[in-house]
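For the sequence shown, numbering that gives the first Met the number 0 begins at 0 and goes up steadily by one. Glycine residues also receive a C-beta, built at the ideal position from the N, C-alpha and C atoms. If you're wondering where the values come from, they're calculated on a predicted model, not measured in any experiment. Quick notes on the structure that follows.
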Amino acid sequence: MHFRSKSGADFFLDGLVVECILLNLKADDLHSVSITCRSLRFPAQAAAHRALLLLAESLSCTLLRHCERGSWISQLREWEAVRQANLVWLNGDEKAVVLVKQGDQQFVKCCVDQSGNGNSASMYMRMPAYKPDTINGLGVLEFDGASVLKTRPFAEPIPQPITLMVVARARGDTTIVDSLGPNSSRFELCHGYPSGWHPSPEICMTASGHDASPKHSLRGSTRGTGDWHIYTAIFDQRRSEVFVDGFCEASGKNVGNNSLDGLSIGCDHNGIFFLIGSLAELRLYKCHIPPQQRIQLEASLARRYGLPYSATREVPVAPKTGGRFACAFRQTRVSGETY
């Protein structure tokens, strides 16, 4: 490959050497190369495409053609930001858990963080049970209403925006995940805080208050009936959103401005409301995850766990006659492709 510098000097590089160099560059560097040297524009885009596929594979994500936007370099830049923002990644893969056998039953002593940040979740008081081959042939953590896993405190409390993705099933008035402990500010994803008593409240997210009931929250329409769902809760104060199986169930309402100091999985931060159900995967991103990346990650989780999934193309508008929460029910949504 022949290059000519601005000074007029000629350079000749072997194509394999060029490819090797480009494959070790980040998106911003590939962009600089592509605008600096015309003959390297196509090789830089090709290297970005290959790097994008490898990055998606490392996130256990399958890229979707209808979600492609812009050049390969711009898409790589977006996914690099998502990977950088992934602070916690836990799942029920047998290789990702530390098990303790008691009689015929296996229990989870520790769930190892797959993000590389060392935010593993360990037993607290009582271990959740491990159930292999539960959902699409994959293992899950089973919470019986008393078992809890907790991470260590984060180095510093994480301010919003924060995106939480969870594959779980929950039954009744129950907390899926919250902040770390009694001294923490609430940062909760739950089926709870009903406006009136109900045995299976709707999905709710809140980052408001400490001990008293939250003043600010966002409520969806999916109830805690023990079915498997992909929950995505984007905590971003007035720009917050909650998605269930790809459907945007509520958005545009303030959930509070609390920060997150760590995770309690299977109970609220005060240790009062516990999870009755199971958890297959949890991912936490310290960002408001972009729609295209959210859709592809959710669709990949649905494919992995054999769950139904539909990507909404528009955020639902709160009905004019709606009550306290901005909710959109499934029969009123326009859905995209189904996986």
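Check: Inter-residue spacing [alpha-carbon to alpha-carbon] between Glu371 and Cys247; Outcome: Any answer about residue 371 is impossible in this case: the structure gives the chain only from 0 up to 338.
Check: Check whether Leu188 and Ala279 have beta carbons under 8 Å apart; Outcome: no
Check: Simplified DSSP assignment, three categories, for Tyr304; Outcome: helix
Check: Cα-Cα separation, Leu63 to Pro158; Outcome: 31 Å
Check: Integer Cβ distance of Leu262 from Ala120, believed to fall under 8 Å; Outcome: 7 Å
Check: Cβ shell of Leu281 (< 6 Å), same chain only, five flanking positions each side left out; Outcome: Leu89 and Val165
Check: Proximity to Ser258 [Cα-Cα], best of Gly251, Ile264, Ser299 and Ser207; Outcome: Ser207
Check: Endpoints, alpha helix (DSSP H) assigned at Leu29; Outcome: Ala26 to Thr35
Check: Outcome for Asn85 when other beta-carbon atoms lying within 10 angstroms are tallied against a minimum of 16; Outcome: buried
Check: Terminal residues of the alpha helix (DSSP H) in which Val81 lies; Outcome: Trp71 to Ala84
Check: Nearest-angstrom Cβ-Cβ length linking Val147 and Gly265, presumed shorter than 8 Å; Outcome: 4 Å
Check: Inter-residue CB distance, Arg168 and His228 (contact presumed, cutoff 8 Å); Outcome: 7 Å
Check: Secondary structure of His65, DSSP reduced to three states; Outcome: helix
Check: Exposure label - Pro315; buried when at least 16 CB within 10 Å; Outcome: Residue placement at Pro315 cannot be trusted, given a pLDDT of 41 that sits under 50; the coordinates are not used to answer.
Check: CA-to-CA distance, Thr231 to Glu56, given in whole angstroms; Outcome: 21 Å
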